[in-house]
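Peer 1: Positions 19 to 761 (the numbering used here) are the ones given, in order, by the sequence shown.
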Amino acid sequence: MDIRKIISEMTLEEKAALCQGKNSWETVGVPRLGIPSVWLSDGPIGVRKEIDGKDENGENMTEEAVCFPAMVGIAASFDPELAHFAGNTVAEAGRGLGVDVLLGPAMNIKRSPLCGRNFEYASEDPYLAGQIGAAYIKGVQEKGVGTSLKHFAANSQETRRFSVDERISERALREIYLAAFENSVRDGKPWTVMCSYNKINGVYSSENKWLLTDVLRNDWGYEGAVMTDWGATADHVKGIDAGMSLEMPRGCDGDDLAVVQAVREGRLSEEALNREVERMLRLTEKCIEGKQTEYEYDAGQQHHMARRIARETMVLLKNDGGLLPIRGNRKVAVIGEFAEKPRYQGGGSSHIRATEELSALEALRSVSAYTYAKGFNADADTMPDTLYEEALETARNADIAILFLGLPDAYESEGYDRTHMRIPACQEKLLNGILDVQKNVCVVLHNGAPVEMPWAERVPAILEAYLGGQAAGGAVVDLLFGAVSPCAKLAETFPLRLEDNPSWPYYPGFRDRADYAEGIWVGYRWYDIRKMDVLFPFGHGLSYTTFEYSDLKLSSDKFKKGNKTEVSVRVTNTGHFPAKETVQFYVRPDHAGRPRPVRELKGIGKIFLQPGESGTVTATLDERSFACWDEEIHDWFVESGRYIIEAAASSRDIRLSAALEAEGDAEYVHVTPDTLLNEILSVDGAQELLEREIGADFLETLPQWFRQCPFHGIRRGKTGDMISTERIRDLCGKLNALQHSGK
Ligand code: BGC
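1) Three or more beta-carbon pairs under 8 Å between the segment 585-605 and the segment 560-567, yes or no?
2) Taking 7 Å as the cut-off, is the C-beta of His169 nearer than that to any heavy atom in the ligand BGC?
3) So Cys750 is in the beta strand (DSSP E); what residue range does that whole segment cover?
4) Taking a contact to mean a Cβ-Cβ separation below 8 Å, would you say Leu196 touches Val233 in this structure?
5) Take Lys40 as the anchor and find which of Lys128, Gly157, Ser384 and Glu265 has the nearest alpha-carbon.
6) Is it true that the CB of Ile418 sits closer than 8 Å to the CB of Ile344?
7) Give me, in chain order, the residues of the same chain whose beta-carbon lies closer than 7 Å to that of Ser55; leave out the 5 immediate sequence neighbours on both sides.
8) Is the distance from the Cβ of Phe86 to the Cβ of Ile63 below 8 Å?
9) Is any heavy atom in the ligand BGC found nearer than 7 Å to the beta carbon of Trp248?
10) Mind reading off the beta-carbon distance from Cys93 to Leu146? Whole number of angstroms is fine, and I expect it under 8 Å.
11) Taking Arg548 as part of the alpha helix (DSSP H), name the residues at either end of that continuous run.
12) Confirm the yes/no value for this check: CB of Glu762, any heavy atom of the ligand BGC, distance under 7 Å.
13) Where does the unbroken alpha helix (DSSP H) through Met89 begin, and where does it stop?
14) So the candidates are Ser384, Leu694, Thr373 and Lys359; which of them puts its Cα closest to the Cα of Ala391?
15) For the ligand BGC, is there a heavy atom less than 7 Å away from the beta-carbon of Ser367?
16) My output table needs one value for Ile306: the three-state DSSP class, helix, strand or coil.
17) Using only the alpha-carbon positions, how far apart do Val158 and Leu448 sit?
18) In whole angstroms, give me the CA-to-CA distance for Glu330 and Ala88.
19) Drop a sphere of 10 angstroms on the beta-carbon of Asn173, count the other beta-carbons inside from all chains shown, and report buried for 16 or more, exposed for fewer.
20) Nearest by alpha-carbon distance to Ser503: which of Gln628, Gly580 and Gly424 is it?
21) Return the chain-ordered list of same chain residues with a C-beta closer than 7 Å to the C-beta of Trp238, the five sequence neighbours on each side being excluded.
22) Lys761: buried (16+ other C-beta within 10 angstroms of its C-beta) or exposed?
23) Determine the extent of the beta strand (DSSP E) in which Ile480 is found, giving its start and end residues.
24) For Thr231, I'd like the list of residues in its chain whose CB is within less than 6 Å of its CB, leaving aside the five on either flank, ordered along the chain.
25) Express the C-alpha separation of His254 and Ser214 in angstroms, rounding to a whole number.
26) If you reduce the DSSP assignment to three classes, tell me which class Ser632 lands in.
27) Go through its chain and collect everything with a Cβ distance to Glu375's Cβ below 6 Å, but skip five positions before and after it.
28) Kindly identify the DSSP beta-bridge partner or partners of Gly621.
29) Could you pull out every residue in the same chain whose Cβ sits closer than 7 Å to the Cβ of Ile625, ignoring the five residues on either side in sequence?
30) Going by alpha carbons, who is nearest to Ala324 out of Ser573, Leu508 and Ala83?
31) Counting along the chain, where does the beta strand (DSSP E) carrying Met245 start and finish?
32) Pick helix, strand or coil for Asp205, following the three-state DSSP scheme.
33) Leaving out five residues on either side along the sequence, give the residues of the same chain with a beta carbon under 6 Å from the beta carbon of Val477.
34) Trp723: buried (16+ other C-beta within 10 angstroms of its C-beta) or exposed?
Here it is as structure tokens:
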């Protein structure tokens with residue numbers, strides 16, 4: 019495609035139209051010049067392609083498609099390869115259904131467990147989310163379908179999502195809220211990015227030049243198109259100027275005319291419009307090329323893949339006394355409506371019309387005899403006495419009771435947040451009743467985000483099945499009965515109670531303002547620095563076997579900025595069950611310096627081992643593994659000093675550690691008129707600079723105690739009022755430049 023030529027042949031009206039949707043799901047294209055429209059459909063856990071007509075609930079009809087586990091589970095696999103495979107698979111369905119770009123993955127950080135869309139998001143940790151995001155994007159795109167990395171950025175709540183102003187420090191943005199997007203962009207190279215609805219520090223994301231151009235394009239080198247979330251445009255003209263390429267869906271009538279008019283009146287430069295037109299044409303070109311890629315799509319086959327993937331996404335939280343896996347001829351009672359009608363996906367734009375559904379009851383039929391009691395009505399959140407009594411009776415007469423609990427649809431969805439973290443009261447009552455008549459209880463949870471478990475102590479086994487996709491029931495049975503061992507680990511902390519969460523005092527804000535006052539202390543970063551007890555820590559997940567860690571090695575015990583360090587650890591399966599282990603590598607600063615989290619995840623590796631087998635897991639640490647964002651220089655800064663590298667089975671189960679000495683950026687003193695003179699003089703070359711600028715004897719003319727005074731004090735020194743405020747500022751600039759010239 020000769021893009022420059024096409025642009026030169028396009029009318030202003032055609033250019034404006036190309037930057038706007040044609041309808042809900044298509045772009046306009048330029049039919050006169052043979053440029054086709056592009057079809058966008060929701061993802062990422064399956065393809066949600068709308069077709070004409072309404073379903074029985076009055077909702078728009080969508081094509082049937084295989085529903086895979088929600089992103090919360092994909093992230094819990096701690097396995098970029100699995101995310102990549104999931105991406106491949108969903109993309110093939112996309113190709114089968116004629117979709118050009120899948121609207122996902124969503125990489126917002128889980129700031130609060132209450133966020134209604136947490137099930138769609140990966141983690142509270144940006145490193146893990148960024149690894150999963152990049153792998154998923156590559157998996158989709160190598161099959162010729164584009165992705166839309168969303169919702170850029172800081173869409174960590176649903177309350178007032180269309181208008182809320184997220185007030186976030188620069189450091190928290192860079193280290194937490196943007197970092198997962200950054201890796202997804204740099205490594206995954208998504209064809210498109212979708213902005214969020216909210217404002218960030220006063221400016222809507224859809225017209226935020228700092229976000230869309232300075233950070234996304236200038237800092238991270240992103241070259242693709244950016245689209246608005248559906249209806250996120252506040253001012254399309256401002257958006258284009260800021261780096262927004264496409265308004266979706268078709269905007270208020272007149273928006274493209276507004277663009278035409280703005281160019282004609284000189285309020286928007288035609289270059290800015292051409293820049294976005296070019297990005298749209300490049301996207302179209304990719305979609306055309308993508309259609310040439312080979313693919314295979316077989317929905318029946320994908321259902322089996324969905325079951326395989328789901329097994330890797332469910333976390334065994336507790337297994338006291340080795341209650342699981344269930345073996346032998348035990349009398350099994352299955353209780354809870356979710357066993358019959360699994361809740362396997364969340365509500366909102368990611369909702370899929372599944373091709374089929376596999377419940378645990380159905381999957382169990384070929385594995386074990388069982389008795390079943392419904393227990394409660396999941397939809398209505400009620401438990402008539404008869405159901406309660408029947409459930410207790412069923413549990414009493416069995417050797418083991420598997421109790422399916424969780425959050426009903428109405429509790430969590432796109433569009434609203436939860437107000438508490440409990441499961442419905444009727445389910446808690448049922449569980450407590452069953453625990454009085456049966457001690458061998460295994461709880462299986464279907465929910466998209468952490469719940470409080472005041473009952474956890476009394477329950478020997480808990481499997482967090484999350485929202486495991488249409489084959490979830492099969493995967494649950496595979497895990498409970500030991501066809502395979504659980505291997506997922508929590509990509510988020512389960513706090514003991516909601517109030518322990520760091521965002522609790524501020525979430526979801528007041529009216530249109532949400533202060534992210536907890537700064538970088540998100541998730542385990544907070545619980546660790548406060549040494550708080552949690553219900554289940556970040557990275558926790560049990561297996562049917564045991565693993566021993568040995569031989570932690572660093573390729574060097576010195577790290578130099580710009581270099582890389584390999585870290586490796588040997589893992590041995592010391593139990594009797596073949597299984598996968600996820601190793602987490604944390605970096606822990608061990609020197610005085612800026613406030614830093616106790617430890618941060620900087621490497622992951624997963625390995626499958628037969629009983630008795632050993633293998634090595636490695637990860638690579640680079641500059642970013644040691645860096646923090648410095649708000650004074652507005653850049654990443656690697657502190658020199660000692661760091662401990664930890665190999666861990668969870669963030670609270672550190673198995674081995676080794677130290678290294680990092681040689682990072684030169685420390686600096688950010689000089690302002692308020693900086694103490696002594697501190698300034700500690701900077702290499704500062705004294706010489708001041709002597710050059712003010713006079714060779716300037717220090718001698720000042721009494722010794724002046725060195726403890728702020729810099730501006732030298733105006734009043736013995737030399738009299740000879741240095742103006744402006745001159746002081748100018749000197750500050752020079753002193754800062756002196757230090758940063760080498761960076
Ligand atoms: C959601 C997006 C989704 C879009 C299109 C919006 O309301 O926030 O995630 O892709 O709708 O359905």
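We put the beta carbon where it would ideally sit given N, CA and C, even for glycine.
Peer 2: On the basis of the coordinates in this document:
1) Touching, yes.
2) For the ligand BGC, a non-hydrogen atom lies closer than 7 Å to the CB of His169.
3) In this chain, Cys750 is not harboured by any beta strand (DSSP E); it is covered by the alpha helix (DSSP H) spanning Thr743 to His758.
4) Going by C-beta atoms, Leu196 is nearer than 8 Å to Val233.
5) Check the Cα spacing between Lys40 and each of Lys128, Gly157, Ser384 and Glu265: the tightest is with Glu265.
6) Taking 8 Å as the Cβ cut-off, Ile344 and Ile418 qualify as a contacting pair.
7) Closer than 7 Å at the Cβ level, and outside the excluded window around Ser55, lie Lys40, Glu44, Thr45, Val46 and Gly47.
8) In this structure, Ile63 lies closer than 8 Å to Phe86 by Cβ.
9) The answer is yes for Trp248.
10) Note on residue identity: the sequence assigns Ala, not Cys, to residue 93. With a beta-carbon spacing of about 6 Å, Ala93 and Leu146 fall inside the 8 Å limit used to define contacts.
11) Taken as a continuous stretch (DSSP letters only), Arg548 belongs to no alpha helix (DSSP H), as it is neither H nor E.
12) The structure shown does not extend to residue 762, since the chain is modelled only from 19 to 761, so the question has no answer here.
13) Met89: member of the alpha helix (DSSP H) spanning Met89 to Ala94, first to last residue.
14) The shortest CA-to-CA distance from Ala391 to any of Ser384, Leu694, Thr373 and Lys359 is the one to Lys359.
15) Checking the Cβ of Ser367 against the ligand BGC gives yes.
16) Helix, per DSSP.
17) Answer to the nearest angstrom: the Cα atoms are 43 Å apart.
18) Approximately 12 Å between the Cα atoms of the pair.
19) In this structure Asn173 is buried. Its beta-carbon is surrounded by 16 or more other beta-carbon atoms within 10 angstroms.
20) Out of Gln628, Gly580 and Gly424, Gln628 has the C-alpha closest to the C-alpha of Ser503.
21) Contacts found: Glu200, Val203 and Arg204.
22) Low per-residue confidence applies at Lys761: pLDDT is 49, beneath 50, and the placement is therefore not dependable enough to give any value.
23) First-last of the beta strand (DSSP E) with Ile480: Ala479 to Glu482.
24) Around Thr231, the same chain offers Gly261 as residues with beta carbons nearer than 6 Å, after the five sequence neighbours per side are excluded.
25) Looking at the two C-alpha atoms, the distance is approximately 14 Å.
26) Strand at Ser632.
27) Gln488, listed in sequence order.
28) In the DSSP output, where bridge partners are listed per residue, Gly621 has Phe603.
29) Closer than 7 Å at the Cβ level, and outside the excluded window around Ile625, lie Val589, Lys598, Glu599, Gly633 and Val635.
30) It is Ala83 whose Cα lies nearest to the Cα of Ala324.
31) For Met245, the uninterrupted beta strand (DSSP E) segment begins and ends at Ala243 to Met245.
32) Asp205 falls in the helix class under three-state DSSP.
33) Non-local beta-carbon contacts of Val477 in its own chain, meaning distances under 6 Å to residues more than five positions away in sequence, involve Val459 and Val461 in chain order.
34) Classification for Trp723: exposed.
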